[in-house]
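Residues in the sequence shown are numbered consecutively from -10, following this note's numbering.
Virtual Cβ for every residue (Gly too), placed ideally from N, Cα, C.
A short worksheet on the structure shown next.
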Amino acid sequence: MRRLLTAGQREDRALAILMAGCLLMFVSSLPRLAREQFEQGGDLTQMLTYEFVSWMLFWPLLFYIFAGLIHVVTRPFTKLGTFFTTRLAVFWSFFAATPLALLNGLTAGFVGEGQALVAVGVLWLAMFLWFFIGSLRATFQVPS
């Protein structure tokens, strides 16, 4: 995270990190969608289209809103972080935790609903929070 912060303020890099994370999340949902189509029937193409549009259009907007809220909440406590550094911390944390999201997708596709899926989901959330807290600490230590 510090290397990204010292590289300068580049919005294209932040957006590329976010979109790569969203694309990987879409890929992680493929086994689950295939399982749902096999069990319940339906049009797999339609389900894939909805999932793709969701991850590549709507989720990035929600991540920008989430980063803005985090910036507003943390702004009174420190003057070092900017909206860009907070955004980069959120996007990088999301991208860095996607390998566990891929494992979560495989678990949803092969095992299905159950304790294993919940355990992997909790592990993914814990990893995201670990990266996120570390990234926020890095943004508060590097002058903007």
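Anticipated Cβ contact below 8 Å, residue i with residue j, distance rounded
i           : j           : result
residue 86  : residue 113 : 6 Å
residue 90  : residue 20  : Their Cβ separation, rounded to whole angstroms, is 12 Å, which puts residue 90 and residue 20 out of contact at 8 Å.
residue 140 : residue 52  : Because the chain is modelled from -10 through 133, residue 140 falls outside the range shown and cannot be assessed.
residue 17  : residue 40  : Incorrect: roughly 10 Å between the Cβ atoms, too far for contact.
residue 147 : residue 84  : There is simply no residue 147 to check, as the chain begins at -10 and stops at 133 in what is shown.
Own chain, CB closer than 7 Å to residue i, minus 5 neighbours either side, in chain order
i           : result
residue 129 : 67, 69, 70
residue 59  : 75, 79
First and last residue of the uninterrupted alpha helix (DSSP H) at residue i
i           : result
residue 113 : 104 to 130
residue 30  : No alpha helix (DSSP H) contains residue 30, which DSSP labels as neither H nor E.
Assigned secondary structure, residue i (DSSP; H/G/I helix, E/B strand, else coil)
i           : result
residue 88  : helix
residue 38  : helix
residue 66  : coil
residue 74  : helix
residue -3  : coil
residue 94  : helix
residue 10  : helix
residue 57  : helix
residue 100 : coil
Nonlocal neighbours in the same chain, by C-beta distance under 8 Å from residue i, ignoring five residues either side
i         : result
residue 3 : 73, 76, 77, 80
Close beta carbons around residue i, own chain, < 6 Å, minus the five adjacent residues each side
i           : result
residue 44  : 11, 14, 15
residue 117 : 82, 86
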